[in-house]
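Heads up, the thing below is written out as structure tokens.
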């Protein structure tokens, strides 16, 4: 009975204990949840603060980055300015180097031209059984001198060898018997007005490839390959093409131009700076350059020739041909070459020089070998010309007469002077 009465009480006690325990657990859970909420709130507050600080830092970084970019932009601008100046200096340096290379190349061409002339003289003397052993021995040393760039010694040696060969040949000619003249009718004047002459002047004796034509029988024409002004990759032709396409009898290379084998002519290939009248088109090419100083000019209006020294004295009168180059050589019978306005390769380097000139009755045109530009003026005065203009020479030298080259063919040419039979 006692056990039966205690059972409900025991269950009640156990229930109270269970309820109490559950209550404690609930309180604990509530406290725990409260702590979690506080911690979460604190965490959220911390994260918000951190985010704000990050945003502030990002804003500052953006501002700083803009400052950096602006500063870098300034530095970039300064760097570009420095690079531009550097490029300009380097370009000028290369141009100066190219000019020196051009002068050197012109000198080499002059030496080579004289070398070829010396070989011709050796062949001439050997052809009449003269002893050329000494000359042959000297010539054999020229290759080494050339490779060693001993240009001064080489020029002197070539000049002395040519002089010795000429002296030997003149001595030979003096030993020949004087032929007994046979009465004949006077020979007809040769149709070809070409000759090779040795012309003596106060500057020395020079070989001249000369064409002399009557002004009453021939008309001068000046022709350009380009039909309009051109500054690069300009058209160019052989002198033979200029002569044949114009039904001309003879022709010669024209004004100075930029050949493709000169470093200084990069970007200006086959262009020419001076003005030239295209007789076929009836207009000036590079007309705006007629006002350039320091140049000479010869024009034709039919049979009438005019020389302008300087070219700026040209009065825009009607012409049928005209070429501008430098320098003028003769004007009214007076030598007018001004050494003060000429480059060293014109006054000091001896090479093949082109010319065109005239007197009251005849045209003179051709090339003088082993000469400076001023030497050519003395040669033309000795030949009887009263007015003359220097033309291009060196590797561009070309003279075409009666269907064949007498000098050249040389380079392709952007312009030329031809002579057509009336």
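In the numbering used here, the protein residues as written are 4 to 425.
Glycine included, each C-beta is placed from N, C-alpha and C at the ideal position.
Tell me the rounded alpha-carbon separation between residue 421 and residue 271. 25 Å
Here's a check: name, in chain order, each residue in its chain whose Cβ is nearer than 7 Å to the Cβ of residue 196, leaving out the five neighbours to either side. 214, 215, 216
Uninterrupted beta strand (DSSP E) stretches inside the stretch 217-297 (no shorter than 3 residues): 221-227, 253-256, 279-281, 286-288
In chain order, what residues of the same chain lie with their CB nearer than 8 Å to the CB of residue 99, ignoring the 5 residues before and after it? Unreliable placement is indicated for residue 99, whose pLDDT of 45 sits below 50; the coordinate value is still reported in the next sentence. So the list is empty, once near-sequence residues are dropped.
For the beta strand (DSSP E) that contains residue 149, what are its first and last residues? Note, residue 149: premise wrong, no beta strand (DSSP E); alpha helix (DSSP H) at 136-150.
Counting C-beta neighbours from all protein chains within 10 Å, is the total for residue 112 16 or more, i.e. buried, or is it exposed? buried
Answer yes or no: do residue 382 and residue 209 have a C-beta to C-beta separation smaller than 7 Å? yes
Would you kindly work out how many angstroms separate the C-alpha atoms of residue 171 and residue 408, rounded to a whole number? 29 Å
From which residue to which residue does the beta strand (DSSP E) around residue 409 run? 407-410
Residue 350 (DSSP reduced to helix, strand or coil): helix
Taking Cβ positions, are residue 388 and residue 369 nearer each other than 7 Å? no
Is there contact between the stretch 239-250 and the stretch 394-411, where contact requires at least three CB pairs shorter than 8 Å? yes
Should residue 150 go down as buried or exposed, given a rule of 16 or more other Cβ atoms within 10 Å for buried? exposed
Touching by the beta-carbon criterion (3+ pairs, under 8 Å), the stretch 372-381 and the stretch 132-147: no
What does DSSP give as the partner residues of residue 204 in its beta bridges? 207
Can the beta-carbon of residue 138 be found closer than 7 Å to that of residue 168? yes
Which residues does DSSP pair with residue 361 in a beta bridge? 366, 390
Answer with buried or exposed for residue 330, where buried requires no fewer than 16 other C-beta atoms within 10 angstroms of its C-beta. buried
If you compare alpha carbons, which of 395, 236, 423 is closest to residue 268? 236
Consult DSSP for residue 128 and reduce its assignment to one of helix, strand or coil. helix
Could you round the C-beta distance between residue 141 and residue 164 to whole angstroms and report it? I think they count as a contact, below 8 Å. 5 Å
Name the residue from 251, 309, 228, 250 whose alpha carbon lies nearest to the alpha carbon of residue 258. 228
Could you check the C-alpha separation between residue 308 and residue 198 for me, to the nearest Å? 24 Å
With C-beta atoms as the reference, is residue 256 less than 7 Å away from residue 340? no
Using CA coordinates, which residue listed in 130, 386, 366, 123 is at the minimum distance from residue 253? 366
At what residues does the beta strand (DSSP E) containing residue 311 begin and finish? 307-311
Note down, in chain order, each residue of its chain lying with its Cβ closer than 8 Å to the Cβ of residue 416, except the 5 sequence neighbours on either side. 228, 239, 240, 241, 242, 245, 256, 257, 260, 399, 401
Residues sharing a beta bridge with residue 3, DSSP: Because the chain is modelled from 4 through 425, residue 3 falls outside the range shown and cannot be assessed.
Who does residue 403 pair with in a DSSP beta bridge? 254, 408
Do residue 225 and residue 425 have their beta-carbon atoms positioned less than 7 Å apart in this structure? no
Buried or exposed, going by whether 16 or more other CB atoms sit within 10 Å of the CB of residue 220? exposed
Can you name the start and end residues of the beta strand (DSSP E) that residue 333 belongs to? 331-334
If you run the structure through DSSP and keep just helix, strand and coil, what is residue 427? Nothing about residue 427 can be read from this structure; the chain reaches only from 4 to 425.
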